[in-house]
Amino acid sequence: MENRKITRLGRDVSVVGLGCWQLGADWGEVDENDALAVLHAAADAGVTFFDTADVYGDGRSERLVGRFRAERDVFVATKMGRRVEQVPENYVAANFREWNDRSRRNLGVDTLDLVQLHCPPTPVYSSDAVYDALDEMVSEGRIKAYGVSVETCEEALTALARPNVASVQIILNCLRLKPLERVLPAAAEAGAGIIARVPLASGLLSGRYTASTTFAADDHRNFNRHGEAFDVGETFSGVPYEVGLEAVERLRGLVPAGQTLAQFALRWILDQPGVSTVIPGARNAAQATANTAAAGLPPLSDEALAGVRETYDELIRPLVHDRW
Numbered sequence: 001m002e003n004r005k006i007t008r009l010g011r012d013v014s015v016v017g018l019g020c021w022q023l024g025a026d027w028g029e030v031d032e033n034d035a036l037a038v039l040h041a042a043a044d045a046g047v048t049f050f051d052t053a054d055v056y057g058d059g060r061s062e063r064l065v066g067r068f069r070a071e072r073d074v075f076v077a078t079k080m081g082r083r084v085e086q087v088p089e090n091y092v093a094a095n096f097r098e099w100n101d102r103s104r105r106n107l108g109v110d111t112l113d114l115v116q117l118h119c120p121p122t123p124v125y126s127s128d129a130v131y132d133a134l135d136e137m138v139s140e141g142r143i144k145a146y147g148v149s150v151e152t153c154e155e156a157l158t159a160l161a162r163p164n165v166a167s168v169q170i171i172l173n174c175l176r177l178k179p180l181e182r183v184l185p186a187a188a189e190a191g192a193g194i195i196a197r198v199p200l201a202s203g204l205l206s207g208r209y210t211a212s213t214t215f216a217a218d219d220h221r222n223f224n225r226h227g228e229a230f231d232v233g234e235t236f237s238g239v240p241y242e243v244g245l246e247a248v249e250r251l252r253g254l255v256p257a258g259q260t261l262a263q264f265a266l267r268w269i270l271d272q273p274g275v276s277t278v279i280p281g282a283r284n285a286a287q288a289t290a291n292t293a294a295a296g297l298p299p300l301s302d303e304a305l306a307g308v309r310e311t312y313d314e315l316i317r318p319l320v321h322d323r324w
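The opening residue of the sequence shown carries number 1 in UniProt numbering; numbering runs sequentially from there.
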């Protein structure tokens, strides 16, 4: 497994990590044994970077990761802020400490490796008081470092102007190319990490879904398809499902022999300058292992890269490019 250094974090991370939202909630049921098997399979394949959040399953994901972390030497990034009403006034030091205490208990640690603001209201990213509170938490030994998870490129650029923001987590995949324009270059210049999330567009880029595929009632690909519960960009990257299926069929023709579409999509992300790690989720151990194989694949050809761009420009850009 290749590792890349995040300068502001002061450490290397595996280029393929594991996103742990699905181990908590919103992706259909994943039982405890399967969840732990996913975590161990990823670590066995060389994954050292695991991303979770206090809101996933109301702490279930953090608790499972905490049990796993007690057995394996890995880096755990968590997120905070989505358990309260989403107004800037709730992003204050007292709440940060309360959320931090809960995450440290869930994960079974005294100090969190990395805590990220979890897609807060836009004004939070420019609040001096917010960054002062986060700096104080570092000084107190509550966290080793902090970063942000964002919905928009402008939010990312605002955060990157702050000297102690170690990382930016942003949606980046074959159906979401806008971060390539300014965000990735700005992060590279600042020495901040880029954590690419939703890399398979909620599974669209796995190539497994069709127009007749159905999703469980408690799966966000059902209940948030039009943004009913949270930002629609988190579900299928904000791309209408039928358009996404059309794009997938075009992309399928670019995949080299011996690769899956999912591995191709992950390799595309890893080929983008400035990406530190990509965090696909997995619902079983086999998926976790298959995802890590993308790290060992050769870079994509110029023709494949051009094909992704062409598909995006023709089908996806008019629908999403100016929204996030």
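Idealized CB from N, CA, C, for every residue including glycine.
Item	Value
Whole-angstrom distance between Cys174 and Asp322, CA atom to CA atom	16 Å
Delimiting residues of the alpha helix (DSSP H) encompassing Ser139	Asp128 to Ser139
Nearest residue (CA-CA) to Ala265, options Pro240, Phe230 and Ala295	Ala295
Chain-order list of residues whose beta-carbon lies under 7 Å from that of Thr214 (same chain, five-residue window excluded)	none
Whole runs of the beta strand (DSSP E) within the segment 37–71, excluding any shorter than 3 residues	49–51
Those residues which DSSP pairs with Gln116 across a bridge	Lys79 and Gly147
Contacts around Gly307, its chain only, beta-carbon distance under 7 Å, and the 5 residues preceding and following it disregarded	Leu254
Whole beta strand (DSSP E) elements within the segment 235–273, 3-residue minimum	none
Element boundaries [beta strand (DSSP E), containing Asp193]	The identity of residue 193 in the sequence shown is Gly, whereas the question assumes Asp. Looking at the DSSP string, the run of the beta strand (DSSP E) that includes Gly193 is Gly193 to Arg197.
Buried/exposed call for Ala282, threshold 16 Cβ in 10 Å	buried
Where the alpha helix (DSSP H) containing Ala166 begins and where it ends	That residue, Ala166, is in no alpha helix (DSSP H); its beta strand (DSSP E) goes Val165 to Ile171.
Cβ-Cβ separation, Val320 to Ser237 (assumed contact under 8 Å), whole Å	7 Å
Heavy atom of the ligand PLP within 7 Å of Val84 beta-carbon	Absence of the ligand PLP is noted for the structure shown, with no ligands found whatsoever.
Buried versus exposed, by CB contacts within 10 Å (16 or more), Arg252	exposed
Rounded straight-line distance, which links the Cα of Ala94 to that of Gln263	42 Å
Assigned exposure category for Gly203 - 16 Cβ within 10 Å defines buried	buried
First and last residue of the uninterrupted alpha helix (DSSP H) at Asp101	Ala93 to Leu107
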